[in-house]
Amino acid sequence: MDRYNKITEKNPREIVLLKAFPCIWGKCSFCDYIDDNSNDEDEMNKLNEEVLKNITGELGVLEVINSGSCFEIPKGSLEIIKNIVAEKNIHTLWFESHWCYKNRLQEMKDFFGKNVKVKFKIGVETFDNEFRNGYLNKCAKFDSYEEVRKYFESPCLMVGIKGQTREMIKRDIEIVENYFERGTVNVFVNNTTDVKRDDELVKWYCDTYRYLDENPNIEVLYNNTDFGVGD
Ligand code: SF4
């Protein structure tokens, strides 16, 4: 599996996919990537150290992802990141976190100190509360994007799922375009779960929102591996 990449187009940055403890929630109906989770801390730290050795710091920005939230990354690996950030003059660090850790984000910022901006992505999938927490079983219980914006800089959306509607997608994109610093749109690709892709909806999305490819603040992933990490 590729765990390191350098993204040179939009939002230039280095990105690493680390191994981490099991996702605290682990029950989203569309998710099968938690298979990458582990409980073997030594083995995770060893692998993560190898991955992190690739970082050059040349872009000043590092994104660290794992199949879950950054709070599940082993402490030893976080220490390595902290050293690299200082040594390689990285000024901005992006992590991902589930909504349930929203009150701990400051803890992560404090850990890395004042010299680096720590920013957070969140897997919102959709701002439609029923679809998100009902069908997708996301357990991200907020009522409005305003609440999310208080904590997170960048929501990740999912589009093209059977059961999702054009109206939901229109509203989600409108929110991300207008009210957040950054955003990611993941076009849903069938995986081992029962959640299925709606090809007609995907076609409509691509026809309607192709212009987002040119938006410097929104990244659209047509395949899960478009960031060059994962398998
Ligand atoms: S929170 Fe993320 S990693 Fe955890 S089950 Fe849901 S989608 Fe998967």
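For the sequence shown, this note's numbering begins at 1285 and goes up steadily by one. Note that the Cβ used here is the ideal one computed from N, Cα and C, for glycine as well.
- S1351 is not a Cβ neighbour of V1479, given a cutoff of 9 angstroms.
- For I1502, the enclosing beta strand (DSSP E) has its first and last residue at 1502-1505.
- Nearest neighbour of N1321 by Cα position, chosen from E1356, R1297, N1507, turns out to be E1356.
- For ligand 1, a non-hydrogen atom lies closer than 8 angstroms to the CB of I1308.
- Rounded to whole angstroms, the gap between the alpha carbons of L1389 and S1381 is 8 angstroms.
- Per DSSP, the beta-bridge partners of T1468 are C1440, E1503.
- Residue state for R1450 is assigned as helix, using DSSP reduced to three classes.
- For the 9 angstroms CB-CB criterion, D1286 and G1512 form a contact.
- The three-state secondary structure of L1301, taken from DSSP, is strand.
- Rounded to the nearest whole angstrom, the CA to CA distance from V1335 to F1464 is 30 angstroms.
- Membership of K1330 in the alpha helix (DSSP H) is indicated by the continuous run 1325-1336.
- Nearest to F1395 by alpha-carbon distance, out of I1502, G1341, K1359, T1492, is K1359.
- DSSP places I1365 inside the alpha helix (DSSP H), whose first and last residues are 1359-1371.
- Pairwise C-beta distances place the region 1460-1477 in contact with the region 1437-1450, as three or more of them are shorter than 8 angstroms.
- Taking 9 angstroms as the cut-off, the Cβ atoms of L1496 and E1461 count as close.
- Placement of the Cβ of C1354 at a distance of 8 angstroms or more from every heavy atom of ligand 1 is found.
- Here R1494 is exposed, its C-beta having fewer than 16 other C-beta atoms within 10 Å.
- In the DSSP annotation of this structure, the continuous segment of the beta strand (DSSP E) that includes T1376 starts and ends at 1376-1380.
- Taken through DSSP and simplified to helix, strand or coil, D1515 comes out as coil.
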